[in-house]
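Residue numbers (our numbering), protein chains in the order written: chain X, 407 to 525; chain L, 41 to 394.
Heads up: the structure comes next, in structure tokens.
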């Protein structure tokens with residue numbers, strides 16, 4: 407893998423080495439799955455539900471997003487979405503309200519890195 | 041032996057997850073996918089033998105993983121098909137519930153390749169080994185049963201061969217012993233005479249009936265095959281076939297271990313006794329004569345009269361029945377006669393077929 411891409415992804419919060427290991431070294435799959443992350447509707451669904459005040463409706467997309475982040479070795483985003491799911495499930499609006507901006511910030515960071523690698 | 045499947049079913053709503061697992065296992069297995077619990081369950085129910093393992097996500101739309109597991113368990117599939125939960129929900133309650141429902145293992149998400157590969161490979165191998173072993177045992181069992189059946193058939197064949205050889209000397213076709221066997225069996229299974237006698241015992245008695253005349257091998261040709269009536273001296277010799285038969289059977293050690301042995305000796309010795317005590321060799325009377333010896337005695341008389349024998353021609357059926365009824369050919373237990381007449385039509389049909 408090109409060093410430039412590796413560094414850019416790492417800057418985006420993606421633990422590239424762990425991800426490659428999970429994908430048995432397949433760079434093709436890595437590219438495919440990261441691009442898929444960009445088009446996955448769950449992040450949009452989470453934001454929409456949250457803005458609409460629909461916390462219960464936010465649980466499912468948050469959960470799926472969390473699973474995806476874990477699989478794609480987005481370490482920080484995985485941790486944040488994990489906490490967000492717990493807060494939403496517990497109905498803890500305040501905690502969720504503090505987490506949402508962090509999740510959005512980390513999401514944008516990862517997404518920008520991916521777009522920069524494969525414009 | 042049945043084909044052993046090499047396909048893993050991945051049930052997960054997340055395409056990336058399915059892709060990761062497919063990539064992990066595609067070198068060693070075929071991988072099939074389902075996008076939710078309901079689809080996964082349907083695929084499994086269509087043919088559980090098509091899969092060697094199921095990897096099941098927990099939180100899914102349509103039907104969640106635990107519900108799929110619950111249904112599989114209710115139908116007993118988790119015994120034959122290893123199911124793994126691949127889940128981020130490694131909470132205590134979920135795990136406990138899953139193991140209670142027969143899940144093989146719970147593997148945390150995001151997956152670590154070598155962990156998930158090792159765990160799944162060893163379980164799949166275990167199930168395969170168990171199945172191979174089960175197939176071998178099943179195969180061996182059916183082979184043993186087949187051999188046992190062959191031995192029993194051979195046994196019966198040898199006994200029939202012996203009896204038939206003796207009959208041949210007597211100028212018979214070989215059908216006599218077979219008919220005595222069938223009449224004995226019919227009287228014990230088709231009338232109240234057999235009440236309290238198990239079907240296994242009936243088989244042994246019928247087998248023993250085949251040997252009722254083996255003692256005739258000790259009777260000289262001149263007497264055995266004499267066309268006319270026997271002199272009193274000749275008849276005395278002829279009568280010894282009962283005792284000779286029982287003595288012969290006692291000298292076959294293999295027969296002594298057989299369940300038919302006691303029936304065979306009894307029948308050989310006593311199939312010429314009479315209900316009124318006027319028979320031979322022991323002059324037994326009434327119930328002193330065993331039921332099976334009585335049955336063979338009557339069957340023997342009926343068969344002799346119905347068929348053409350060396351010393352006489354066959355008689356019409358009505359004449360035969362009248363003779364038996366009127367006691368012209370021996371004295372029989374009234375209860376035995378009643379049962380006999382109740383199935384005589386069926387017995388007579390046997391002769392028509394020949």
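Glycine included, C-beta positions come from ideal geometry on N, C-alpha and C.
query                                                                                                                                                                                                         : result
Nearest CA to the CA of residue 472 (chain X): which residue from X:414, X:510, X:408, X:525?                                                                                                                 : X:510
Which runs of the alpha helix (DSSP H) at least 4 residues long sit entirely within the region 275-349 of chain L? Give them in chain order.                                                                  : 281-290, 293-296, 301-310, 331-346
Taking the alpha-carbon positions, what's the residue 523 (chain X) to residue 437 (chain X) distance?                                                                                                        : 9 Å
Against chain L, with Cβ distances strictly below 8 Å, would residue 478 (chain X) count as a contact?                                                                                                        : yes
Roughly how many angstroms lie between the CA atoms of residue 276 (chain L) and residue 254 (chain L), to the nearest whole one?                                                                             : 17 Å
If you drop the 5 nearest sequence neighbours on each side, which residues of the same chain put their C-beta closer than 6 Å to that of residue 230 (chain L)?                                               : 383
Is it buried or exposed, residue 42 (chain L), if we count other Cβ atoms within 10 angstroms and call 16 or more buried?                                                                                     : In this predicted model, residue 42 (chain L) has a pLDDT of only 48, less than 50, meaning its place in the structure is not dependable; the value taken from the coordinates is given anyway. Its Cβ having fewer than 16 others within 10 Å, residue 42 (chain L) is exposed.
Skipping 5 residues on each side, what residues in its chain have a beta carbon closer than 6 Å to that of residue 484 (chain X)?                                                                             : 475, 476
Helix, strand or coil, according to DSSP, for residue 429 (chain X) in the structure here?                                                                                                                    : coil
Residue 489 (chain X) versus chain L: which residues are under 8 Å apart at the beta carbon?                                                                                                                  : Those within 8 Å of residue 489 (chain X) in chain L number zero; the least Cβ separation is about 13 Å.
Please say whether residue 171 (chain L) and residue 44 (chain L) have beta carbons closer to each other than 8 Å?                                                                                            : yes
Note down, in chain order, every chain X residue with its Cβ under 7 Å from the Cβ of residue 57 (chain L).                                                                                                   : 473, 477
Could you check whether the region 307-322 of chain L touches the region 279-293 of chain L, counting it as contact only if at least three pairs of C-beta atoms, one from each stretch, sit closer than 8 Å? : yes
Using a beta-carbon distance cut-off of less than 7 Å, what residues from the region 430-448 of chain X approach chain L?                                                                                     : 430, 432, 435, 439, 442
Would you list, in sequence order, the uninterrupted beta strand (DSSP E) runs of no fewer than 3 residues that lie entirely inside the region 66-153 of chain L?                                             : 70-74, 93-96, 123-127, 145-148
Would you kindly work out how many angstroms separate the C-alpha atoms of residue 460 (chain X) and residue 505 (chain X), rounded to a whole number?                                                        : 16 Å
Does residue 428 (chain X) have its Cβ less than 8 Å from a Cβ in chain L?                                                                                                                                    : yes
Closest to residue 58 (chain L) by C-alpha separation, out of L:115, L:149, L:305, would be which residue?                                                                                                    : L:149
Using the rule of at least 16 other Cβ atoms within 10 Å of the residue's Cβ for burial, across every protein chain shown, is residue 80 (chain L) buried or exposed?                                         : buried
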